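What follows is a set of notes on a single structure, which appears directly below.
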Amino acid sequence: MAKKLMKGNEALGEAAIAAGALNYFAYPITPQSEVAEYLCWRLPQVGGNFVQAESEVAVGNMLFGAAATGKRIFTTSSSPGISLMQEAISYMAGAHLPVVLINIMRGGPGLGGILPAQSDYFQAVKGGGHGDYRLVVLAPASVQEAVDLMIESFDIAERYLTPVMIIGDGMIGQMMESVEFPKKYRQQNDPSKSDWALTGAKGRSARVVKSLFLDGKKLEDNCLKLEAKYVEIRKNEVKYELYKVSNKNKVLITAYGTMARICQTAIDELEEEKISVGLMRPISLYPFPEKEMFKEANKPNILAILDIEMSTGQMVEDVERVTKSIKPIEFFGHTGGIVPTPEEVKDKVYEMLKKFKKDKKKS
Amino acid sequence: MSSNPNTIFKRPESLSDNITHYCPGCTHGVIHRLVAESLDELGLRERAVGVAPVGCSVLIYNYFNCDFMEAAHGRAPALATGFKRTRPDMIVFTYQGDGDLASIGMGEIVHAANRGEKFTTIFVNNAIYGMTGGQKAPTTMPLQKTSTSPAGRDVTKAGFPIRMAELLATLKTPSFIARGAVHTPMHIVQTKKLIKKAFRLQNENKCFSLVEVLSTCPTNWGIDPNGSLQWVTDNMQPYYPLGVYKDPEKKNGEES
Numbered sequence: 015m016a017k018k019l020m021k022g023n024e025a026l027g028e029a030a031i032a033a034g035a036l037n038y039f040a041y042p043i044t045p046q047s048e049v050a051e052y053l054c055w056r057l058p059q060v061g062g063n064f065v066q067a068e069s070e071v072a073v074g075n076m077l078f079g080a081a082a083t084g085k086r087i088f089t090t091s092s093s094p095g096i097s098l099m100q101e102a103i104s105y106m107a108g109a110h111l112p113v114v115l116i117n118i119m120r121g122g123p124g125l126g127g128i129l130p131a132q133s134d135y136f137q138a139v140k141g142g143g144h145g146d147y148r149l150v151v152l153a154p155a156s157v158q159e160a161v162d163l164m165i166e167s168f169d170i171a172e173r174y175l176t177p178v179m180i181i182g183d184g185m186i187g188q189m190m191e192s193v194e195f196p197k198k199y200r201q202q203n204d205p206s207k208s209d210w211a212l213t214g215a216k217g218r219s220a221r222v223v224k225s226l227f228l229d230g231k232k233l234e235d236n237c238l239k240l241e242a243k244y245v246e247i248r249k250n251e252v253k254y255e256l257y258k259v260s261n262k263n264k265v266l267i268t269a270y271g272t273m274a275r276i277c278q279t280a281i282d283e284l285e286e287e288k289i290s291v292g293l294m295r296p297i298s299l300y301p302f303p304e305k306e307m308f309k310e311a312n313k314p315n316i317l318a319i320l321d322i323e324m325s326t327g328q329m330v331e332d333v334e335r336v337t338k339s340i341k342p343i344e345f346f347g348h349t350g351g352i353v354p355t356p357e358e359v360k361d362k363v364y365e366m367l368k369k370f371k372k373d374k375k376k377s
Numbered sequence: 004m005s006s007n008p009n010t011i012f013k014r015p016e017s018l019s020d021n022i023t024h025y026c027p028g029c030t031h032g033v034i035h036r037l038v039a040e041s042l043d044e045l046g047l048r049e050r051a052v053g054v055a056p057v058g059c060s061v062l063i064y065n066y067f068n069c070d071f072m073e074a075a076h077g078r079a080p081a082l083a084t085g086f087k088r089t090r091p092d093m094i095v096f097t098y099q100g101d102g103d104l105a106s107i108g109m110g111e112i113v114h115a116a117n118r119g120e121k122f123t124t125i126f127v128n129n130a131i132y133g134m135t136g137g138q139k140a141p142t143t144m145p146l147q148k149t150s151t152s153p154a155g156r157d158v159t160k161a162g163f164p165i166r167m168a169e170l171l172a173t174l175k176t177p178s179f180i181a182r183g184a185v186h187t188p189m190h191i192v193q194t195k196k197l198i199k200k201a202f203r204l205q206n207e208n209k210c211f212s213l214v215e216v217l218s219t220c221p222t223n224w225g226i227d228p229n230g231s232l233q234w235v236t237d238n239m240q241p242y243y244p245l246g247v248y249k250d251p252e253k254k255n256g257e258e259s
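For the protein sequence lines, the chains are A and B, in the order given.
Just remember that this note's numbering sits 14 ahead of the position in the first sequence, which is counted from 1.
Just remember that this note's numbering sits 3 ahead of the position in the second sequence, which is counted from 1.
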């Protein structure tokens, strides 16, 4: 298929169709309502189904019921709406159901605002719902990457029977970029071949999809079964990108999503000034690129790490954790919809070079 | 299961042979059986998916011989919506108590009914929270004593009991809404007809269907099983009249 100029939100909807996910449940919320406005006419064209629910609480639980059919299902929402879905996310994780959720993040806490932000990292990565579970969390930095990850996320969800969340800041949803879809769209799943979906107890014993285990041992067994999947996920699903990483780098920047693209502009401009800075962009926020980030941080040429986010500092806690703070780590960010500029990133780099070169001389 | 041609009474195929955990005198078992008989007689078992609530019947999937999923508290109608919209060829039912449906799940049931989702809800109203130990429900009777209303339900603070069948029947979207009871053999027979009709209408892809069933809770009411059946007659039935409140096969004003 030829390249198309598309808004991120609409491209995400089309990507789901390309992945054979034709069942969509949603509630309107800025800045991602265009997904529902696109899919409400697009899905019927391909034999799909859209339900506008009465609330995000209901959306989450409609996903729960729909996921039990064994077909591919998904929703899109934004931060306050995702908070309301946490109940169902916890249940679906506990019941081993594949589902894809998109969070086009806006500023919080509370009603916050409608401008882009990255302040739901903790909620997505550390578990917003109750219980011992994890989400696979993917963070695209462009509309094309959002489309590609959307398609792949259904495969990941089905491979591990687990919810997958894509988090993009509002810019991913709102910006228009050229994008390419697969030539061949995937067919819907045939649930009759599933060994877990609810298809009717014909010629087999009845199946139950549940997260309730009143016996402590059985509940622990279910949690260990979940944890065994997360071990595999941590082994197999790590994704990241390195930008201008070399043994000349003095500073390593860590950033994700569109924030990383702004950092790339700063890095390009610094390069012209003969200041070498590299970027590590985690694409999978869970599983986090732990070993890989430690390796980059540990390189002798790196004086310090600069983490930049559209929040007051959330991913930075994982950067500290996985690098074991082997190098000094500084944070810079804006939130509430204010986006750090390349100039601000550069100023922070200048400040750090001054500080840590001096420190190095002292030592 | 006996295949003896002289067998006149047996366990429906839609029920498993597990022994239920319900308290002595509780009528959940009777209502389970009416649902199972209806599924059997309409030949729906192999296409049926039940949605379990949170409450006394949380383990209902252990007693049925059909596919089931276990919802969060009050959310069964949302699960049923998601499932049925994705698999319209299946038969979907929720089985919910009064705390589940009329309190925490009020939003989900009203909107599912209003969208005309083509699944069936069995709503078991025993005027109390059973599993958590007898707390006040939205359906608790005025002055009824519970563990959170020890002096009796004070309607000036808690409002009056919610009549769900009447409330849902106000929605313009066509649906089948009825209320039955199981405290006498006659009522059991009548309620069976309502439940079977609810499933038939779903099978014909006609409408949303809900049958409210007045039930007992001897343990938390603090009344013996026989006294509990009498309590339904004396206290619940006058406030919760039995009958069909909305029927897509009857014109307005026509007697049900």
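Virtual Cβ for every residue (Gly too), placed ideally from N, Cα, C.
As the structure is a prediction and not an experimental result, all values here were calculated from the model.
Own chain, CB closer than 8 angstroms to residue i, minus 5 neighbours either side, in chain order
| i | result |
| --- | --- |
| Leu175/A | His110, Leu111, Pro112, Trp210 and Lys243 |
| Phe308/A | Val336, Thr337, Lys338 and Ile340 |
| Glu344/A | Ala318, Ile319, Leu320, Asp321, Lys362 and Met366 |
| Leu45/B | Lys199, Phe202, Arg203 and Asn206 |
| Asn9/B | none |
Cβ-Cβ distance between residue i and residue j below 9 angstroms
| i | j | result |
| --- | --- | --- |
| Ala40/A | Thr84/B | no |
| His76/B | Val54/B | no |
| Val363/A | Leu293/A | no |
| Thr213/A | Ser219/A | no |
| Lys264/A | Val291/A | yes |
| Ala311/A | Lys369/A | no |
| Met119/A | Gly182/A | yes |
| Arg108/B | Asn128/B | For clarity, residue 108/B is Gly in the given sequence; the question names Arg instead. No, Cβ-Cβ distance for Gly108/B and Asn128/B is not below 9 angstroms. |
| Val353/A | Met185/A | yes |
| Lys198/A | Glu283/A | no |
| Glu166/A | Leu149/A | no |
| Val216/B | Gly183/B | yes |
Helix, strand or coil at residue i [DSSP, three-state]
| i | result |
| --- | --- |
| Lys18/A | strand |
| Pro91/B | coil |
| Gln132/A | coil |
| Asn229/B | helix |
| Arg221/A | coil |
| Pro94/A | helix |
| Ser259/B | For Ser259/B, the predicted structure reports a pLDDT of 48, less than 50, and the residue's modelled location is therefore unreliable. A value from the coordinates is still provided. Note: Ser259/B maps to coil in three-state DSSP. |
| Asp183/A | strand |
| Gln240/B | helix |
| Val247/B | strand |
| Asp66/A | It should be pointed out that residue 66/A corresponds to Gln in this sequence rather than to Asp. Strand. |
| Glu49/B | helix |
| Asn250/A | helix |
| Val61/B | helix |
| Phe346/A | strand |
| Asp162/A | helix |
Contact belief for residue i with residue j at Cβ below 8 angstroms, rounded distance in angstroms
| i | j | result |
| --- | --- | --- |
| Pro301/A | Glu251/A | 6 angstroms |
| Tyr257/A | Ile281/A | 7 angstroms |
| Ser225/A | Glu73/B | 7 angstroms |
| Leu266/A | Ile316/A | 5 angstroms |
6 angstroms Cβ shell around residue i - same chain, five flanking residues per side excluded
| i | result |
| --- | --- |
| Asn65/B | Asn21 |
| Ile39/B | Looking at the sequence itself, residue 39/B is Ala, so the reference to Ile does not match. Taken in chain order, the residues that qualify are Pro15, Ser17 and Leu18. |
| Thr124/B | Thr97 and Leu213 |
| Leu104/B | Ile112 and Phe126 |
Spatial neighbours of residue i in its chain, beta-carbon cut-off 7 angstroms, leaving aside the 5 residues before and after
| i | result |
| --- | --- |
| Lys144/A | Looking at the sequence shown, residue 144/A is not Lys but His. Counting only Cβ-Cβ distances below 7 angstroms, and skipping sequence neighbours, we find Ser104. |
| Glu16/B | Asp43, Arg48 and Asn68 |
| Gln147/B | Ala130, Gly155 and Arg156 |
| Val33/B | Val185 and Ile191 |
| Glu258/B | Unreliable placement is indicated for Glu258/B, whose pLDDT of 49 sits below 50; the coordinate value is still reported in the next sentence. There are no such residues. |
| Gln8/A | Lying outside 15 to 377, the shown extent of chain A, residue 8/A is not represented and no answer is given. |
| Tyr147/A | Ser104, Ala107, Gly108, Gly141 and Leu240 |
Closer than 8 angstroms at the beta carbon, the chain B residues around residue i
| i | result |
| --- | --- |
| Glu101/A | Ala75 and Arg78 |
| Ser69/A | Gly110 |
| Phe168/A | Near Phe168/A there are no residues of chain B at all, since even the closest Cβ is about 15 angstroms away, more than 8 angstroms. |
Beta-carbon neighbours of residue i, restricted to chain A and to distances below 8 angstroms
| i | result |
| --- | --- |
| Tyr64/B | Ala220, Val222 and Lys224 |
| Phe67/B | Ala220 |
| Val38/B | Correct list: empty, because the minimum Cβ distance to chain A is about 14 angstroms. |
Where residue i meets chain A, residues with beta-carbon distance less than 7 angstroms
| i | result |
| --- | --- |
| Met189/B | Going along chain A, no residue has its Cβ under 7 angstroms from Met189/B, so there is no contact; the nearest lies around 32 angstroms. |
Chain C residues whose Cβ lies nearer than 8 angstroms to that of residue i
| i | result |
| --- | --- |
| Val61/B | The structure shown contains no chain C; its protein chains are A and B. |
Amino acids of chain A, ordered along the chain, whose beta-carbon sits closer than 9 angstroms to that of residue i
| i | result |
| --- | --- |
| Glu49/B | Gly214, Ala215, Lys216 and Gly217 |
| His114/B | Ala67, Glu68, Ser69 and Ala72 |
Contacts of residue i in chain B (Cβ-Cβ under 7 angstroms)
| i | result |
| --- | --- |
| Tyr300/A | Residues of chain B passing the Cβ test: none, with the nearest at roughly 23 angstroms. |
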